[in-house]
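The listed protein sequences correspond, in order, to chains A and B.
Heads up, the first sequence is in the working numbering, so the first residue is 343 and it goes up one at a time.
Heads up, the second sequence is in the working numbering, so the first residue is -17 and it goes up one at a time.
Everything on this sheet refers to the single structure shown next.
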Amino acid sequence: MVTVGVLALQGAVREHEAVLAGLGCHTRRVRRTDDLDGLAGLVIPGGESTAIARLARGSGLLGAVRARIDAGMPALGTCAGLILLADEVADPAALAGLPTVGGLDVTVRRNAFGGQLASGEWDVDLTVPATTDGQLASGTGTGADPTDGRMRGVFIRAPRIERVGPGVEVLAVRDGEPVAVRQGPVVACTFHPELVPDATLHRLWLAGADLHDTPSNSPVAPS
Amino acid sequence: MTVELAADRSLVNTGLAEMLKGGVIMDVVTPEQARIAEEAGAVAVMALERVPADIRAQGGVARMSDPDLIDGIIDAVSIPVMAKARIGHFVEAQVLEALGVDYIDESEVLSPADYVNHIDKTRFRVPFVCGATNLGEALRRITEGASMIRSKGEAGTGDVSEAMRHLRTILGEIRALASRTDDELFVAAKELAAPYELVRRVARDGKLPVVLFVAGGVATPADAAMMMQLGADGVFVGSGIFKSGNPAKRAKAIVEATTHFDDAEVIAAVSRGLGEAMVGINVADVPAPHRLAERGW
C-alpha cells in the first residue's frame, strides 16, 4: 500500500485524507521537509494560497516539494494547490516575495470570478476516459465513477487557468475552459474533488502516476 | 431561468469554511489592519468598526459597520472578508450580502436586534457563521442555515477561559451523544432542543456537520495552539492582535502556532519578544449582564 502525503499547513486536509483512504492509500500530513521522506506522492489541498505560502516561508518546504516533483514525485493540487503548482500566477502581487512550488506549465489567476457569491457547483466534462487503469476502475472507491464522462465540480472562490503550456494535457473542461490539467505525474484542478463522493479525479491521478505499484517505504525520487 | 435555492449552496458554503481550517481569522477595523492581517498569513479577515474590547469599553448599541468601511477592506485584501450583522437583524444581513462579503457573522458581539429569533439563514446565498456555547445552540444555528460554527468564548476580554469552557462543552456533548444507543437519541434531541435527524447525524459521525472554530478571548500563540489541540478546526482572534503592542508580529506568531499547534518548540520560538499582550479583563470580573456570550439562545 502506498503512502501519499497531504500538505497540511492549512486547508481541506481531512477531506483529501478520506478520499485517499477510500482508494486504499495510507496518508501522512506534511508540515516540514522531513515529512516528505518516503512519500509516493503528495496532495496540495485547497485552502488560502497566500496563507499556505506564508506558512511555508523560510522553511524551504515548498522548494523541497519542487525538487521531489522534478525528480518524479507525483503531485495533485486542488484550487490553492493548483495556484502553488503553477509556473505563472496572473496577479502576482498577492504572492509577491512568497515561495511557491511551480513546475506546472500553466498560467492561473487567483480568485478569478469574484467573491463567495460567485462560487457554485457545476458539472465538468472529462476529456479523457474516467480511468486508465482497470484495477483502479473496479476499486472500492468512495463513490461510483460517472458513466457519462462528467463529474460534479465544486468551485469556491475559484482560480482560472488562463494559459496551458504545450506539454500540458487538459483533463476536464467547463464551458470550454480547462478546469483540470495533467503534466506527467502532476494533476491539478480549479475545483474541489475532495468535497464530493465521486473520486474520479483522484483515481485518474493515482492511475496516471502508477502509484498503485509503488512500495510505500521506498522514496520515489532517488536523485 | 432556474432559481438557485439556498440548499443548493450548502456544499460551496460549508466548503469555504473547510478551506479555512487550520487558519486564523482576524478582526480588523481599517484597510491597513486588513493588509497587516493578510501579510501575517490570516486566512480571512472580519471587517468591523470597533473591536470587541472597544465595544465593551465604550458601550452603546453596536451595529453593522459602515458599507464604505467594508468596501475599503474588501478592496485592500485578496483573502475572504467576513462582516458582522446583529443577531436577528435580517436586513443588515441583506445589506452585507449586497456588498458582496464572503461570510456573515451573526454575532453576539453586536447588540441583538431580536431577542427571540435568529436570522433565517436559509434565505441567503451568502454563508453565515454563528456563535454557540453548547451543542444544542450549535445545532439550532445549523438548522437555521449556518454553514460554520464558532464557540463564543467571551469576546473583548483576552481571557481564554470561556472559549475553553464552550469548546470543551460542545466537544464533550458530541462525545456523549456518540456513546448513546439509537433509542436514546430521541430524548437526546429533546434535551438538545434540536432536530432529531441532525442529532442522529452528529451521533453517527462524532462531529458537527460543519466546521467548528473557536473565538472569544484568544490572545497568545499558546492560547491558539491549546484550542487546536483540544480539537478546534481554526481560530478567530478579535481584540487580541490589534490591542497588543506589536500587532504584525503577534498576528504572525498566532498563525504559526495554529498550524504547528502540536509542536511546543515552534510555539516557544514564536512566543518570544511579542511585546505587550492586550491588557485584558478577567471574565469573572465582568458582571453577568455585560457578558456577550449570554446573547443568543
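The beta carbon of each residue, even a glycine, is placed where N, CA and C say it ideally should be.
From a predicted model like this one, the values you see are computed outputs, not experimental measurements.
What's the C-alpha gap between residue i and residue j?
i, j, result
"A/Asp487", "A/Leu548", "In this prediction, A/Asp487 scores a pLDDT of 48, lower than 50, which makes its location untrustworthy; no coordinate-derived value is stated."
"A/Ser461", "A/Glu357", "19 angstroms"
"A/Asp517", "A/Asp465", "10 angstroms"
"A/Ser401", "A/Pro520", "33 angstroms"
"A/Val544", "B/Ala114", "At residue 544 of chain A the sequence reads His, which differs from the Val that was named. Cα to Cα, the separation comes out at about 36 angstroms."
"B/Ala120", "B/Ala251", "35 angstroms"
"B/Pro49", "A/Val448", "37 angstroms"
"A/Gly550", "A/Pro527", "7 angstroms"
"B/Ala35", "B/Ile131", "22 angstroms"
"A/Pro454", "A/Leu397", "A small correction: the amino acid at residue 454 of chain A is Ala; Pro does not occupy that position in the sequence shown. A/Ala454 and A/Leu397: Cα-Cα distance of roughly 23 angstroms."
"A/Gly444", "B/Val261", "44 angstroms"
"A/Ala360", "B/Gly41", "47 angstroms"
"B/Pro177", "A/Ala432", "47 angstroms"
"B/Glu155", "B/Glu173", "11 angstroms"
"B/Pro269", "B/Val27", "30 angstroms"
"B/Gly135", "B/Gly198", "4 angstroms"
"A/Arg370", "B/Asp244", "15 angstroms"
"A/Pro535", "A/Pro508", "25 angstroms"
"A/Ala582", "A/Arg452", "This structure does not reach residue 582 of chain A, given that chain A is present from 343 up to 565, and the question cannot be answered."
"A/Met567", "B/Lys225", "Any answer about residue 567 of chain A is impossible in this case: the structure gives chain A only from 343 up to 565."
"B/Glu88", "B/Ile101", "8 angstroms"
"B/Gly227", "B/Glu258", "5 angstroms"
"B/Ala29", "B/Val77", "14 angstroms"
"B/Ser60", "B/Tyr85", "14 angstroms"
"B/Glu179", "B/Leu159", "13 angstroms"
"A/Leu384", "A/Arg410", "10 angstroms"
"B/Ile37", "A/Ala406", "46 angstroms"
Please check if any C-beta of chain B sits within less than 8 angstroms of the C-beta of residue i.
i, result
"A/Thr392", "yes"
"A/Val361", "no"
"A/Val470", "no"
"A/Gln525", "no"
"A/Ile503", "no"
"A/Gly353", "yes"
"A/Ile411", "no"
"A/Val496", "yes"
"A/Pro488", "Interpretation of A/Pro488 is limited by its pLDDT of 46, a score under 50 that renders its predicted location unreliable; the figure taken from the coordinates is listed afterwards. A/Pro488 does not count as touching chain B."
"A/Ser461", "yes"
"A/Ala549", "no"
"A/Ala428", "no"
"A/His534", "yes"
Between residue i and chain A, is there a C-beta pair that is closer than 8 angstroms?
i, result
"B/Gly23", "yes"
"B/Gly255", "no"
"B/Gly127", "no"
"B/Glu238", "yes"
"B/Tyr97", "no"
"B/Lys3", "yes"
"B/Gly(-3)", "yes"
"B/Ser60", "yes"
"B/Glu20", "yes"
Of the residues the options, which one's Cα is nearest the Cα of residue i?
i, options, result
"A/Pro501", "A/Glu390, A/Leu365, A/Gly366", "A/Glu390"
"B/Gly278", "B/Val265, B/Glu31, B/Asp96", "B/Asp96"
"A/Pro441", "A/Leu468, A/Ala393, A/Ile498", "A/Ala393"
"B/Ala239", "B/Ile249, B/Leu194, B/Ala230", "B/Ile249"
"B/Ala185", "B/Arg162, B/Lys231, B/Phe195", "B/Arg162"
"A/Leu446", "A/Gly456, A/Leu437, A/Leu418", "A/Leu418"
"B/Ala24", "B/Leu78, B/His272, B/Val10, B/Arg122", "B/Val10"
"B/Lys321", "B/Asp215, B/Ala246, B/Arg254", "Absent from the structure is residue 321 of chain B, since the part of chain B shown begins at -17 and ends at 279."
"B/Ala207", "B/Thr12, B/Glu88, B/Cys112, B/Glu247", "B/Glu247"
"B/Arg68", "B/Pro62, B/Gly54, B/Lys103", "B/Lys103"
"B/Val63", "B/Ile236, B/Ile223, B/Ser(-8), B/Ser47", "B/Ser47"
"A/Val529", "A/Glu511, A/Arg492, A/Gly457", "A/Glu511"
"A/Met415", "A/Leu378, A/Ala350, A/Val355", "A/Leu378"
"A/Leu351", "A/Thr542, A/Leu404, A/His368", "A/Leu404"
"A/Leu553", "A/Gly366, A/Val470, A/Ile386", "A/Gly366"
For residue i, which residues in chain E fall below 8 angstroms Cβ to Cβ?
i, result
"A/Ala454", "In the structure shown, chain E does not exist; the protein chains are A and B."
Can you list, in chain order, the residues of its chain whose CB lies under 7 angstroms from that of residue i, leaving out five sequence neighbours each side?
i, result
"B/Glu0", "Val193"
"A/Asp412", "Gly445"
Please list, in chain order, all residues of the same chain as residue i whose beta carbon is under 8 angstroms from its beta carbon, the five residues on each side excluded.
i, result
"A/Ala395", "Leu404, Leu426, Leu437, Leu440, Pro441, Thr442"
| said: With three or more beta-carbon pairs closer than 8 angstroms as the criterion, would you say the region 210 to 225 of chain B touches the region 4 to 11 of chain B? | reply: yes
Touch test, the region 87 to 96 of chain B against the region 143 to 159 of chain B, Cβ-Cβ under 8 angstroms, three pairs minimum
no
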